[in-house]
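Report on the structure given below.
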Amino acid sequence: MKNFEAIHDFGDEWRGSENFEVSEVGHYLFSAWVTYKSPEYGTQRESCIVHIFRNGMQDGEIDIHSSGELQNETHHLGFSPKWQKYKFSKDDGAFVVLGASPKMGGEYTVRIIPNSKKASFR
1 MKNFEAIHDF GDEWRGSENF EVSEVGHYLF SAWVTYKSPE YGTQRESCIV
51 HIFRNGMQDG EIDIHSSGEL QNETHHLGFS PKWQKYKFSK DDGAFVVLGA
101 SPKMGGEYTV RIIPNSKKAS FR
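Numbering (full-length UniProt numbering), first residue to last: 1 to 122.
Take a look at the structure:
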C-alpha cells in the first residue's frame with residue numbers, strides 16, 4: 001500500500017501545476033527531469049515524458065518514455081508496484097523509484113520531478 005500512498009502524495013503535490021495533466025480516469029502525464037543512478041551507468045539526467053497509471057489493471061505502473069541516454073535497451077523505464085518500491089520526497093516533490101537488477105549492475109534509484117514543460121511526443 002505504501003507504493004500507492006507515494007503515488008497519491010505525488011499527485012496531490014503536483015496536481016494543478018503547469019502542464020501536469022490528470023486524465024478523466026486519474027492517470028498522470030507530464031514532462032519531468034528524470035535522474036537515474038545505478039552502478040552500471042552512474043548518474044544520468046534527462047528530460048522525459050512520464051505516464052503514471054492510476055486505474056484498472058495497470059494501476060501503479062509507471063512508463064518513462066526514452067530520451068537521450070535513457071533508453072529501453074540499457075535502462076529499466078517501465079516500473080510496477082509489484083517489483084519496485086516507490087517513495088514521495090516532501091523535500092523537493094520528487095517521486096522516487098527504488099529497485100535492483102543485474103541490468104543496472106545492482107541497486108538503482110530513479111528520481112522524477114515535473115519540469116513544467118508540455119508533454120509532447122513530437
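Virtual Cβ for every residue (Gly too), placed ideally from N, Cα, C.
Between LEU29 and VAL22, what straight-line distance do the alpha-carbon atoms span, to the nearest angstrom?
Position 29 of the sequence shown, counted from the start, is the residue given in the question as residue 29. Position 22 of the sequence shown, counted from the start, is the residue given in the question as residue 22. Going by the C-alpha atoms only, they are around 7 Å apart.
Whose C-alpha, out of THR74, ASP59, SER89, ASP91, is nearest the C-alpha of MET104?
Sequence index remark: in the sequence shown, residue 104 carries index 104 (1-based). Looking at the Cα atoms, THR74 is the closest of the given residues.
What's the C-alpha gap between ILE49 and HIS65?
Numbered from 1 along the sequence shown, position 49 holds the residue referred to as residue 49. Numbered from 1 along the sequence shown, position 65 holds the residue referred to as residue 65. In a straight line, the C-alpha of ILE49 is about 5 Å away from that of HIS65.
What residues in its chain sit with their C-beta under 7 Å from that of ALA119, if we drop five residues either side in the sequence?
Here residue 119 refers to the residue found at position 119 of the sequence shown. Same-chain partners within the cutoff: ASN19, GLU21, LEU29, PHE30, SER31, ILE49.
Span of the alpha helix (DSSP H) holding ALA94?
Here residue 94 refers to the residue found at position 94 of the sequence shown. Note, ALA94: premise wrong, no alpha helix (DSSP H); not H, not E.
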